[in-house]
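Those sequence lines, one after another, are chains W and F.
Going by this note's numbering, the first sequence opens with residue 1, and the numbers climb by one from there.
Going by this note's numbering, the second sequence opens with residue 1001, and the numbers climb by one from there.
The beta carbon of each residue, even a glycine, is placed where N, CA and C say it ideally should be.
Some notes on the structure that comes next.
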Amino acid sequence: MRNINNIISRCEELAFDLDFTRAKEWKNEDKSRVIVGYMPIYFPREIIHAAGGLPVAIFGGGDRKQIIKGDAYYQSYICHIPRSIIDMALDKHFDNFDGFIFPSICDVLRNLSGIFRTKGFGKFVKYMDFPQNFLPEVGGVFYQDEMRHVLHYIKEINGIKVTPERLNHSIGLYNKNRRLIEFIYDIREKYPWRLSMKDWYHILRAGTVIPVEEHNEILEEVAEYVKGDVGQRQDKVKVVLSGAFCEQPSVGLIRSVEDAGCYIVDDDLQLGSRMVIGDIDATSEEPLAAIAHAYIFQSRYSSSIYDVDNPKEYRLAKIVEERNADGVIFASASFCDPSLLDAPIFQNAFDRMGIRYIAFQFSENINQFKVIKEQVGAFSDSIKLWEDEPSSIPVAE
Amino acid sequence: MNNTVYTMGIDVGGSYVKNVLMSYDKDSGNHQLVDKQTEKIRKRDPKDVAHDSIDMILERNNLNYDKDIAYLASTGEGEMVERKTGHFYSMTTHARGGVFLTPGARTVVDMGGLYVRAIKIDERGKVLDYKMTGQCASGSGQFIENISRYLGLAVEEVGDISMQADNPEVPSGICAVLAETDVINMVSKGASTPNIIKGINISIAQRVVKLLSSLKAESPISLMGGMGMNKGMIQAIEEVASENKKNEIQFLSHPDAIYSGAIGAALWGGYRYHILKEKSEKELVAS
Chain W
1 MRNINNIISR CEELAFDLDF TRAKEWKNED KSRVIVGYMP IYFPREIIHA AGGLPVAIFG
61 GGDRKQIIKG DAYYQSYICH IPRSIIDMAL DKHFDNFDGF IFPSICDVLR NLSGIFRTKG
121 FGKFVKYMDF PQNFLPEVGG VFYQDEMRHV LHYIKEINGI KVTPERLNHS IGLYNKNRRL
181 IEFIYDIREK YPWRLSMKDW YHILRAGTVI PVEEHNEILE EVAEYVKGDV GQRQDKVKVV
241 LSGAFCEQPS VGLIRSVEDA GCYIVDDDLQ LGSRMVIGDI DATSEEPLAA IAHAYIFQSR
301 YSSSIYDVDN PKEYRLAKIV EERNADGVIF ASASFCDPSL LDAPIFQNAF DRMGIRYIAF
361 QFSENINQFK VIKEQVGAFS DSIKLWEDEP SSIPVAE
Chain F
1001 MNNTVYTMGI DVGGSYVKNV LMSYDKDSGN HQLVDKQTEK IRKRDPKDVA HDSIDMILER
1061 NNLNYDKDIA YLASTGEGEM VERKTGHFYS MTTHARGGVF LTPGARTVVD MGGLYVRAIK
1121 IDERGKVLDY KMTGQCASGS GQFIENISRY LGLAVEEVGD ISMQADNPEV PSGICAVLAE
1181 TDVINMVSKG ASTPNIIKGI NISIAQRVVK LLSSLKAESP ISLMGGMGMN KGMIQAIEEV
1241 ASENKKNEIQ FLSHPDAIYS GAIGAALWGG YRYHILKEKS EKELVAS
């Protein structure tokens, strides 16, 4: 087993390599290989893998790229991530990418797909609709058609016909990936001091830009590490971090939350890698139907899914209960409509249920966390010291 | 059987690391300040200063960290202290420390190196509301330190010197940079050192009193933090409050005011030690 510190620093390097060096190296090893970039939140990566491709998540430039050109494409009241993605595209960070997929999560990303198309980035640009109808014979069939469109685009490039065997093999690899991720989350729930959220975030995010086989190897090593009695336990409260599923906060913010007295035991930062709960059937003769079935019946809740019969506030409350969390931190990107529109729904429900929470906003490039740290510190202390009293955290003006 | 529980509190500030050792006697229920230490950070790594300070206190009191310290609580910028058991937000600790040093206080003013914060509390030290100055050096202890250095004074001297003033020279601006220019002009005009220092104290006191008004602070008000040991500053605050027709306010101070954060951290650490112990005993019984 490699040294855990080496694994973490390699993952940090991979996660924030804005030139996607490892993905491009992988592509250069074989002419039939393609790289397909996808935007948050979720995309069924299995189908790209089965078609001889590497799905690469695009989370923007974060705090590592100064936006110069991107501001010309979006108004000031739009979130930060599309600007940094445009800047990256114009600065040729996505050279060698064959296609781009824009899942339907909000108007901003939809418009970004249009900009990519008019600018001629990649060989194809696909705005991918996800079913909002959760009947398999309606939404499920529609979703399978959407996936076939993507496979058609890739076949046009590399000529690879995706067979059920190939797809089932890919599904099996991603099943293993999710199992390992959940195993580590489960260990972290009980022993969060064994692996900090900052390090875990690097490991998780690295998995979105490298082949799944490589990520599975990394996860196996990390799983082995966290099984051991490592790290020093501290007196912190356990929280669930919610709302930062698309534009990612900088790692400094995650570290600030931890430093201010919280163990983050669950989160939706890399929701796309965990969207399907449990395994997808890897033995089906119709693997696309199996993927669609899993999306319809085994999805996590998300701000971009309108599942009226399965209210998300109760699903988040269930996560809080299952993870034995003391409260929730709502961290929404500024101007992120899906997250900010959901926040009052969650907060009203949590007021009724007596679940403690705080809420703040961030943008991917902020590096000053003093106010957030004070808010989180006050939150953590209020739980540690006044557990039996109603929450009353003074807020700075 | 030893009935004494020891906790440590370490408050890493902008200029100083403050560290205390406290004891809790299970029979009498009394908390006692056993030892204390202040270290100026200067140009050193605060983490190293904090660790050295912990070791010094342990050594002085013949204590072993692993065996004798029930809880090491950090506060301020003390997240980097690796040996800590837990970290508390500085407002929470100053509130608790203020109640310990000045019982009965209903407002604690933490007057530190980098900012001033007024905290409204209940009788247990629970924070109810607060207001703080912006990140501007002119309302902070660092400003006083800078001025005392320009005037060739030790920071410990400024309190007594300020009390000798007969005609205070209050700087015109609220900006530290401009105020420092003002001080240079005052020196060249021949203003006396006590009058300059008193003027600076008054300018900070005006900000503190404004902060207390906007918080609708309740009396008694405890003046804590490094500047809470500056007698000249306390006098200036009382005078400014009186000028603002706030004579009914009672101000409290304590010679250990600089340790209020560290003391609060150690006390809350002791509280958490008992809570965690109870929880783990319950878990043991349940299993």
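### Contact check, F:GLY1261 vs F:GLY1141, beta carbons under 8 angstroms
no
#### Entry: 7 angstroms Cβ shell around F:SER1172 - same chain, five flanking residues per side excluded
ASP1182
### Message
Using 8 angstroms as the threshold, is the C-beta distance between W:GLN234 and W:TRP193 below it?
### Response
yes
### Query
To the nearest angstrom, how far is it from the Cα of W:GLU322 to the Cα of W:GLN375?
25 angstroms
### Message
Quick test of your reading: W:LEU288 and W:MET197, contact by CB under 8 angstroms. State the CB separation rounded to the nearest angstrom.
### Response
Actually they are not in contact, since the Cβ atoms of W:LEU288 and W:MET197 sit about 35 angstroms apart, beyond 8 angstroms.
### Message
Against chain W, does F:GLU1079 count as a neighbour if the rule is that its beta carbon must be under 8 angstroms from one of theirs?
### Response
yes
### Task
Could you confirm whether any beta carbon from chain W is found closer than 8 angstroms to the beta carbon of F:ARG1272?
yes
### Query
Does any heavy atom of the ligand HEM sit closer than 7 angstroms to the C-beta of F:HIS1274?
What this structure holds is no ligand at all, so the ligand HEM is not there to describe.
### Task
Just list the alpha helix (DSSP H) runs in the region 170-231 of chain W, keeping only unbroken ones of 4 residues or longer that don't cross its boundaries, in chain order.
197-206, 212-227
### Message
8 angstroms is my cut-off, CB to CB: does W:ALA317 come that close to chain F?
### Response
no
### Reduced DSSP secondary structure (H/G/I, E/B, other) of W:CYS262
strand
#### Entry: Beta carbon proximity, W:GLN270 to chain F, threshold 8 angstroms
no
### Message
Buried or exposed for F:GLY1270, going by 16 or more other Cβ atoms inside 10 Å?
### Response
buried
### Bridge partner(s) assigned by DSSP for F:ARG1117
F:ASP1110, F:MET1132
### Residue of W:ASN5, W:GLY52, W:MET128 minimising C-alpha distance to W:ALA23
W:GLY52
### Query
Is the beta carbon of W:PHE134 less than 8 angstroms from the beta carbon of W:ASP307?
yes
#### Entry: Residues near F:ARG1272 in its chain [Cβ-Cβ closer than 7 angstroms; skip 5 each side]
TYR1071, GLY1086
#### Entry: Every unbroken beta strand (DSSP E) within the region 296-378 of chain W, with a cutoff of 3 residues, ordered by chain
327-333, 356-362
### Query
With C-beta atoms as the reference, is F:ALA1000 less than 8 angstroms away from F:SER1222?
In the structure as shown, chain F starts at 1001 and stops at 1287, and residue 1000 of chain F therefore has no counterpart that could be examined.
### Task
Could you tell me which uninterrupted alpha helix (DSSP H) segments, each at least 4 residues in length, are contained entirely in the region 1222-1253 of chain F, listed from first to last along the chain?
1231-1243
### Task
Would you mind reading off the limits of the alpha helix (DSSP H) that contains W:GLU13?
4-15
### Query
Can you round the beta-carbon distance between W:TYR201 and W:ILE254 to whole angstroms, since I take them to be within the 8 angstroms contact cut?
6 angstroms
### Residues that W:TRP386 contacts on chain F, provided the C-beta gap is smaller than 7 angstroms
LYS1126
### Message
What does the Cβ neighbour count give for F:THR1107, buried or exposed, with the cut at 16 atoms within 10 Å?
### Response
buried
### Query
Whose C-beta lies closer than 6 angstroms to the C-beta of W:ASP342 among residues of the same chain, with five residues either side of it excluded?
SER303
### Status (buried if at least 16 other CB within 10 Å, exposed otherwise) for W:PHE297
exposed
### Best match in F:ASN1019, F:VAL1005, F:SER1148, F:GLU1077 for proximity to F:ASP1027 [C-alpha to C-alpha]
F:VAL1005
### Task
Drop a sphere of 10 angstroms on the beta-carbon of F:GLN1235, count the other beta-carbons inside from all chains shown, and report buried for 16 or more, exposed for fewer.
buried
### Query
How is W:PRO164 classed by DSSP in three states: helix, strand or coil?
helix
### Query
Going by beta carbon distance, what residues of the same chain come within less than 8 angstroms of W:SER242, once the five residues before and after it are set aside?
ASP267, ASP268, LEU316, VAL328, ILE329, PHE330, ALA331, PHE346
### Message
Cβ closer than 8 angstroms: which chain F residues qualify as neighbours of W:GLU374?
### Response
TYR1089, MET1091
### Query
For F:LYS1084, which three-state DSSP category applies?
coil
### Proximal residues of chain W, C-beta to C-beta of F:THR1038 below 7 angstroms
Result: empty, since nearest Cβ-Cβ is about 23 angstroms, beyond 7 angstroms.
### For W:LEU151, the first and last residue of its enclosing beta strand (DSSP E)
Premise fails: W:LEU151 lies in the alpha helix (DSSP H), 141-158, not in any beta strand (DSSP E).
### F:TYR1089 versus W:GLU13 - alpha carbon distance
32 angstroms
### Message
The beta strand (DSSP E) that contains F:THR1092, what's its start and end?
### Response
First-last for F:THR1092: 1090-1101, but that is the alpha helix (DSSP H), not the beta strand (DSSP E).
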